Amino acid sequence: MKKIIIIAAVLVFSLTLFQGNPSQVMAQKKKLITIASGWVTGCYYPLGGSISRILFQNPDLGLRATVESSGASVANSNLIANGDADVAILQNDIAYYAYNGQRMFAADTGNKQAENMRAICTLYPEYIQIQALKKSNIRTPADLKGKRVCVGPLGSGTEVNAGQILEMYGLTFDDLAKVERLTSKESSDFMKDGRIDAAFYTVGLGAAVLADTAFMTSCTLVNIDDQHAAKLIKKYPFYAQFPIKAGTYKDSEEVKTVAVLSMLVTRADMPEKDIYNFTKAIFENLETVHKAHAALKDVSLESAMDGMSVPLHPGAKKYFQEKGIQIPAGY
Ligand code: GLU
Numbered sequence: 011m012k013k014i015i016i017i018a019a020v021l022v023f024s025l026t027l028f029q030g031n032p033s034q035v036m037a038q039k040k041k042l043i044t045i046a047s048g049w050v051t052g053c054y055y056p057l058g059g060s061i062s063r064i065l066f067q068n069p070d071l072g073l074r075a076t077v078e079s080s081g082a083s084v085a086n087s088n089l090i091a092n093g094d095a096d097v098a099i100l101q102n103d104i105a106y107y108a109y110n111g112q113r114m115f116a117a118d119t120g121n122k123q124a125e126n127m128r129a130i131c132t133l134y135p136e137y138i139q140i141q142a143l144k145k146s147n148i149r150t151p152a153d154l155k156g157k158r159v160c161v162g163p164l165g166s167g168t169e170v171n172a173g174q175i176l177e178m179y180g181l182t183f184d185d186l187a188k189v190e191r192l193t194s195k196e197s198s199d200f201m202k203d204g205r206i207d208a209a210f211y212t213v214g215l216g217a218a219v220l221a222d223t224a225f226m227t228s229c230t231l232v233n234i235d236d237q238h239a240a241k242l243i244k245k246y247p248f249y250a251q252f253p254i255k256a257g258t259y260k261d262s263e264e265v266k267t268v269a270v271l272s273m274l275v276t277r278a279d280m281p282e283k284d285i286y287n288f289t290k291a292i293f294e295n296l297e298t299v300h301k302a303h304a305a306l307k308d309v310s311l312e313s314a315m316d317g318m319s320v321p322l323h324p325g326a327k328k329y330f331q332e333k334g335i336q337i338p339a340g341y
C-alpha cells in the first residue's frame with residue numbers, strides 16, 4: 011500500500027512538473043519572432059514594442075516577439091538577408107535598393123543584396139528632418155558646406171537620404187567639415203553640447219530625438235525648396251514633398267521637406283500561416299500601434315499598399331486580399 015502511495019505521489023509530482031503552469035506552457039509553445047527595429051529615440055522601436063504587446067495580448071496566435079534596437083534601415087536589411095531577423099522595419103527606398111541589389115547593396119559594398127526580402131505592408135511617412143543649431147545660421151542644405159554634420163547612425167537609411175539631398179545641392183560628404191555617424195541619442199547630445207552644427211534624421215514627425223534636442227537647445231529645421239525637391243523626386247522617385255508645420259518642435263518655423271515611407275518586411279522562408287497571423291494581429295489591434303507614438307497614427311489598412319517597393323509575402327497578401335485591399339500590380 012505504502013509503495014502504491016509513493017508511486018502515485020511521484021506520478022502526480024512529475025505530471026505537475028511536466029505540465030508546468032498553463033501560461034508557461036503557452037509561452038513555450040509560442041513561436042518567437044525577432045523584430046529588427048531602429049532608434050530608441052525614433053519611431054521604429056516604439057512600433058516594435060507595440061507589436062510585441064499585441065502578440066502578448068493575443069496568445070491564441072501562438073506568436074511572441076523580441077524587439078532589437080539598431081541603426082535601422084540598411085543594418086536591418088542585412089539582418090534579413092543573413093537570416094538573423096524574422097521581421098524588420100525599414101524605409102521603402104532602402105528596401106527597394108536592398109531587394110534589387112542596387113547602390114549601397116551592389117556587390118562589394120559590404121552590404122548584402124536581400125533577394126529574400128518580402129513585404130508585409132507600408133506604414134507611415136518618415137520625414138527627412140535636418141535639425142540645425144540656430145547660431146550656425148543654416149537656412150538651406152547648401153549652407154551645410156564646411157559645417158560639422160551628423161549624417162545619421164551607422165547602418166541607417168538616414169545616411170543614404172543625407173547623401174542624396176546634399177547631391178541635389180552639388181555637395182558630397184567631403185564638403186562637410188566633419189561627418190559624424192552617431193546613434194540618435196548621441197547625435198542629440200552632440201548638438202546640445204555644440205559639437206555638431208546640424209543632424210539629419212529620416213524619422214516620423216515628433217520623434218523624441220528631435221523633440222528633446224529642441225527642448226534643450228536653440229535650433230531650427232532646414233528648408234528644402236520646391237525646385238530642389240522636384241529635382242530629387244525626379245532622380246529618386248520614392249520621395250514625396252511634405253511640409254512640417256510651425257511649432258512641431260517647440261518654436262520651430264514651418265519648413266518644406268521630403269519624406270519616404272516606413273515599412274514592415276520579413277523573409278521569404280517564413281511560414282505563410284505565421285505571417286498571416288502576424289499581419290492580422292497588427293491590423294486588428296491598430297489602436298495599440300497608434301497609442302505607441304503620434305507618428306504611428308498614420309498606419310492604416312487603407313494605406314498599407316502605398317509606395318510598395320518589394321514583393322509581398324504570401325501570408326500578408328492573403329490577409330490584405332481577404333480585407334478587399336487592392337494589391338499593386340507586380341507585388
Ligand atoms: N528611418 C530611420 C533610418 O533607417 C530609422 C527611424 C526610426 O528608428 O524610427 O535611418
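All residue numbers for the sequence shown refer to the working numbering, where the first residue is 11 and numbers rise by one. Idealized CB from N, CA, C, for every residue including glycine. Since this is a predicted model, take the numbers as computed values, not measurements.
query                                                                                                                                                                                 : result
Return the first residue and the last residue of the alpha helix (DSSP H) that Q174 is part of.                                                                                       : T168 to M178
Quick check on V97: does DSSP put it in helix, strand or coil?                                                                                                                        : strand
Cα-Cα, which of L57, R158 and I140 is closest to V265?                                                                                                                                : I140
In the DSSP assignment, find the alpha helix (DSSP H) that holds T298 and state where it starts and stops.                                                                            : L296 to A302
Do you know offhand how far N86's Cα is from Y107's?                                                                                                                                  : 13 Å
Would you check whether ligand 1 has a heavy atom nearer than 6 Å to the C-beta of G52?                                                                                               : yes
To the nearest angstrom, how far is it from the Cα of E136 to the Cα of K41?                                                                                                          : 31 Å
Hey, how far is the Cα of L233 from the Cα of K144?                                                                                                                                   : Here residue 233 is Asn; the residue named in the question, Leu, does not match the sequence. Each residue's alpha carbon lies about 13 Å from the other.
Below 7 Å between beta carbons: does that hold for T258 and I64?                                                                                                                      : no
When you compare only the Cα positions, how much space is there between F115 and A105?                                                                                                : 10 Å
Would you tell me roughly how many angstroms separate the C-alpha atoms of K255 and A278, rounded to the nearest one?                                                                 : 40 Å
Can you give the Cα-Cα distance for S79 and A305, rounded to whole angstroms?                                                                                                         : 18 Å
Please work out which residues of its chain come closer than 7 Å, Cβ to Cβ, to M273, disregarding the five sequence neighbours upstream and downstream, and give them in chain order. : L100, N102, A105, A129, C131, T132 and L133
Heavy atom of ligand 1 less than 6 Å from the Cβ of G48, yes or no?                                                                                                                   : yes
Under the DSSP definition of a beta bridge, which residues are partnered with V189?                                                                                                   : V159
Between S79 and ligand 1, is the CB less than 6 Å from at least one heavy atom?                                                                                                       : no
Where does the unbroken alpha helix (DSSP H) through S198 begin, and where does it stop?                                                                                              : S194 to K202
Count the other CB atoms, across all protein chains shown, that sit within 10 Å of the CB of D118; report buried if there are 16 or more and exposed otherwise.                       : exposed
Examine ligand 1 and report whether any of its heavy atoms sits within less than 6 Å of the Cβ of S83.                                                                                : yes
Is it buried or exposed for T168, if we count other Cβ within 10 angstroms and need 16 for buried?                                                                                    : buried
Assuming K333 and L311 form a contact by the criterion Cβ under 8 Å, report the distance between their Cβ atoms to the nearest whole angstrom.                                        : 6 Å
Buried or exposed for F183, going by 16 or more other Cβ atoms inside 10 Å?                                                                                                           : exposed
Nearest by alpha-carbon distance to M178: which of H323, G216 and Q237 is it?                                                                                                         : Q237
Considering only C-alpha positions, which residue in the set V219, I175 and T212 is nearest to S194?                                                                                  : V219
Locate the alpha helix (DSSP H) running through M226, then write down its first and last residues.                                                                                    : A218 to M226
Compare the Cα-Cα distances from L186 to each of K307, I206 and G340 and report the closest residue.                                                                                  : I206
Throw me the rounded Cβ distance for the K122 and N88 pair, which I believe falls under 8 Å.                                                                                          : 6 Å
Round the Cβ separation of C160 and S197 to the nearest angstrom and send it over; I've been treating them as touching at under 8 Å.                                                  : 4 Å
Could you give the DSSP three-state label for Q67: helix, strand or coil?                                                                                                             : helix
Secondary structure at I335, three-state DSSP: helix, strand or coil?                                                                                                                 : coil
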